[in-house]
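Each residue of the sequence shown is one higher than the one before, starting from 1 at the first, in UniProt numbering.
Ideal Cβ positions, reconstructed from N, Cα and C, are used throughout, including at glycine.
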Amino acid sequence: MGERGVKASIVVPVYNSSATLRECFDSLISQTFEDFEVLVVDDGSSDGSWEIVREYCAADGRFKGVRQQNAGPGTARNRALDRAKGDYVLCVDGDDWIDARLLEKAVCKAESSGADVVVWDAWFHNERTGARCLSSRVRVDVCEPDGYAWRDNPDLLFLSFQNWPWNKLIRRALLEEHGIRFQEDVMRTEDCLYTARALVKANFIVGIPEALSHYRMAQPDSAMAKTDETPFDCFRAFEALKSWLEAEGVYESLSRSHARWAFSGIVHNLKTVRALDTFKRVHQFMKDEGFERLGLGRKEAPMLLSEESLREYESFVASSPEEYLLSSFSREWRVREDEGVLAGQRWYEIEQLKREAGLRVRELEISLADEQRALQDACSELDELHARFGELEAAYHALENCMEQKIGKALCRIPRAVQRSCLRRRQRNGRAG
1 MGERGVKASI
11 VVPVYNSSAT
21 LRECFDSLIS
31 QTFEDFEVLV
41 VDDGSSDGSW
51 EIVREYCAAD
61 GRFKGVRQQN
71 AGPGTARNRA
81 LDRAKGDYVL
91 CVDGDDWIDA
101 RLLEKAVCKA
111 ESSGADVVVW
121 DAWFHNERTG
131 ARCLSSRVRV
141 DVCEPDGYAW
151 RDNPDLLFLS
161 FQNWPWNKLI
171 RRALLEEHGI
181 RFQEDVMRTE
191 DCLYTARALV
201 KANFIVGIPE
211 ALSHYRMAQP
221 DSAMAKTDET
231 PFDCFRAFEA
241 LKSWLEAEGV
251 YESLSRSHAR
261 WAFSGIVHNL
271 KTVRALDTFK
281 RVHQFMKDEG
291 FERLGLGRKE
301 APMLLSEESL
311 REYESFVASS
321 PEEYLLSSFS
331 REWRVREDEG
341 VLAGQRWYEI
351 EQLKREAGLR
361 VRELEISLAD
371 EQRALQDACS
381 ELDELHARFG
391 ELEAAYHALE
401 NCMEQKIGKA
411 LCRIPRAVQR
421 SCLRRRQRNG
431 RAG
């Protein structure tokens, strides 16, 4: 176990999360597995988050909080990791929350399997619409039945598990042995290098086929909503990962997995940009040198990307920023249109099912009413039989008593008759003598 007998360390970076922080902390306190510490690093919040951190630290000895000047989530997480004492590390963002049995299930899975990394699925909650959905980007099935090691199928590694640190429990000894930490020179995608290095260095990875983490989307103050402030962070993170893979001598084996993951991340990052000027700068940079630096030049791309991604790539590099933006908008519109048609079809199917279910319920209600009437009739008949049985039983007992009396009297008369007969016989014998 860890130095203080703590099984798990939960790392929570906090930055202006006062609106959601209590729900996050309460989900940690509610864990069915209680052998953990919570290491909170406030990254210079100005909205009262630090006061909430101090409140929970005072109320629960497992919470330990420190405050620093704003330096980014990577620096905040690393500061917590340097203080961690647990056998395992779980990262949770201050605006998210976790299922009450997450730690119990994840630690049990790690202990029973001996795996360095445990992954699970997550619920995505859209704060703007109130809708929720499964992430759909985590391939826990890749771990079945006995776990996954990247050398078994290198192409599956990165896209199967993503760079999220909050849906993974990682053995701390693995992090310390290989010096695995978060990237500090970026404000976004700082988790890419941390998670990818852990996935590559893990002895093997096991999965829990459940959604145990809850991630908030579409928050106005989230890092994802501020892409325009640091639009090249995503590129820098994937370039840093490529350099590390090359230094480890495994880039050639993982080049396809890295390329597909990096391209997917770059396109997604570009779609979160809000300012046209920023969009144009990032698009032009990727065309001019970015893809080449990621090992995704025009010669390499056909050998590394899937057919669908290659079509997207070719559209990207062949278009001006304005053309690509318009074409992306058109594709998104068609997707939304198709989703609308499918939603309408599903709505119709659901309405049909509701009508059929209503008719079936009515049939069952009628059948149930008939059965209830039949049961009531049977109960009435049974009551009558019970009453009749009681009458017959009483008559039987009365008859039985009567017979006993008659037999008793008859038995009493027999000795008296014998006595009289004997007396007469003695009298006759006396006279004869």
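Requested in this report: Consult DSSP for Pro145 and reduce its assignment to one of helix, strand or coil.
Outcome: Note: Pro145 maps to coil in three-state DSSP.
Report task. Mark Ile170 as exposed unless 16 or more other C-beta atoms lie within 10 angstroms of its C-beta, in which case mark it buried. Result -> buried
Query raised in the report: Among Gln372, Arg132, Arg355, His283, which residue has its Cα nearest to the Cα of Leu270?
Result: His283
Query raised in the report: Is it a yes or a no for the stretch 104 to 121 touching the stretch 48 to 61, going by three-plus beta-carbon pairs under 8 Å?
Result: no
Query raised in the report: If you follow the alpha helix (DSSP H) that Ser113 is part of, which residue opens it and which one closes it?
Result: 102 to 113
Requested in this report: Would you identify the three-state DSSP class for Lys299, choosing helix, strand or coil?
Outcome: coil
Report task. Return the first residue and the last residue of the alpha helix (DSSP H) that Ser30 is part of. Result -> Unbroken run through Ser30: none, as it is neither H nor E.
Query raised in the report: What are the partner residues of Asn126, as DSSP defines its beta bridges?
Result: Met217
Query raised in the report: Terminal residues of the continuous alpha helix (DSSP H) containing Asp201?
Result: One point to set straight first is that residue 201 is Lys, not Asp, in the sequence displayed. Element bounds for Lys201: 191 to 201.
Query raised in the report: How long is the line joining the alpha carbons of Ala198 and Leu175, rounded to whole angstroms?
Result: Cα atoms of Ala198 and Leu175: separation of roughly 7 Å, rounded to the nearest angstrom.
**Report entry** Which of helix, strand or coil DSSP assigns to Ser9
**Finding:** strand
Query raised in the report: Can you name, in chain order, every residue of its own chain whose Cβ lies under 6 Å from the Cβ of Val6, other than the five neighbours on each side?
Result: Glu37, Lys85, Gly86
Requested in this report: Express the C-alpha separation of His268 and Ser327 in angstroms, rounding to a whole number.
Outcome: 15 Å
Query raised in the report: Would you call Met1 buried or exposed, if buried means 16 or more other Cβ atoms sit within 10 Å of its Cβ?
Result: At Met1 the pLDDT is 43, less than 50, meaning the model places this residue with poor confidence and gives no usable figure here.
Query raised in the report: At what residues does the alpha helix (DSSP H) containing Glu314 begin and finish?
Result: Glu314 -> alpha helix (DSSP H) spans 307 to 318.
Query raised in the report: Is DSSP giving Tyr251 helix, strand or coil here?
Result: helix
Query - Assigned secondary structure, Trp261 (DSSP; H/G/I helix, E/B strand, else coil) - result: helix
Report task. Specify the secondary structure class of Arg428 as computed by DSSP and reduced to three states. Result -> helix
Query - Through-space distance from Cys57 to Tyr88, alpha-carbon basis - result: 21 Å
Query - Whole-angstrom distance between Phe63 and Leu81, CA atom to CA atom - result: 14 Å
**Report entry** Between the CA atoms of Tyr251 and Gly290 - distance to the nearest angstrom
**Finding:** 18 Å
**Report entry** Own chain partners of Thr32 with C-beta closer than 7 Å, once the 5 adjacent residues on each side are dropped
**Finding:** Once the five neighbours on either side are set aside, the close Cβ partners of Thr32 are Ala100, Arg101, Glu104.
Query raised in the report: Is Tyr88 helix, strand or coil when you go by DSSP?
Result: Here Tyr88 sits in strand by DSSP.
Query raised in the report: If you measure from the beta carbon of Val41 to each beta carbon in chain B, is any gap under 9 Å?
Result: The chain inventory of the structure shown lacks chain B, comprising one protein chain alone.
Query raised in the report: Would you call the CB atoms of Ser18 and Gly44 closer than 9 Å?
Result: Taking 9 Å as the Cβ cut-off, Ser18 and Gly44 do not qualify as a contacting pair.
Query raised in the report: Is Ala196 closer than 9 Å to Phe158 when the C-beta atoms are compared?
Result: yes
Query raised in the report: What does DSSP give as the partner residues of Gly65 in its beta bridges?
Result: Val40
Requested in this report: Give me the Cα-Cα distance between residue 435 and Gly65, rounded to the nearest whole angstrom.
Outcome: Here the chain comprises residues numbered 1 to 433, so residue 435 is not present and cannot be evaluated.
Query raised in the report: Is any heavy atom in the ligand ZN found nearer than 8 Å to the beta carbon of Glu371?
Result: With respect to the ligand ZN, the structure shown offers nothing to examine, as it has no ligands at all.
Query raised in the report: To which residues of the same chain is Phe124 closer than 6 Å at the C-beta, ignoring the five residues directly before and after it?
Result: Cys133, Ser135, Tyr215, Met217
Query raised in the report: Where does the unbroken beta strand (DSSP E) through Arg171 begin, and where does it stop?
Result: 168 to 171
Query raised in the report: With respect to the beta strand (DSSP E) encompassing Leu134, which residues constitute its N-terminal and C-terminal limits?
Result: Under the DSSP assignment, Leu134 falls in the beta strand (DSSP E) whose first and last residues are 132 to 134.
Query - Pair within 9 Å by beta-carbon distance, Asn153 and Ala122 - result: no
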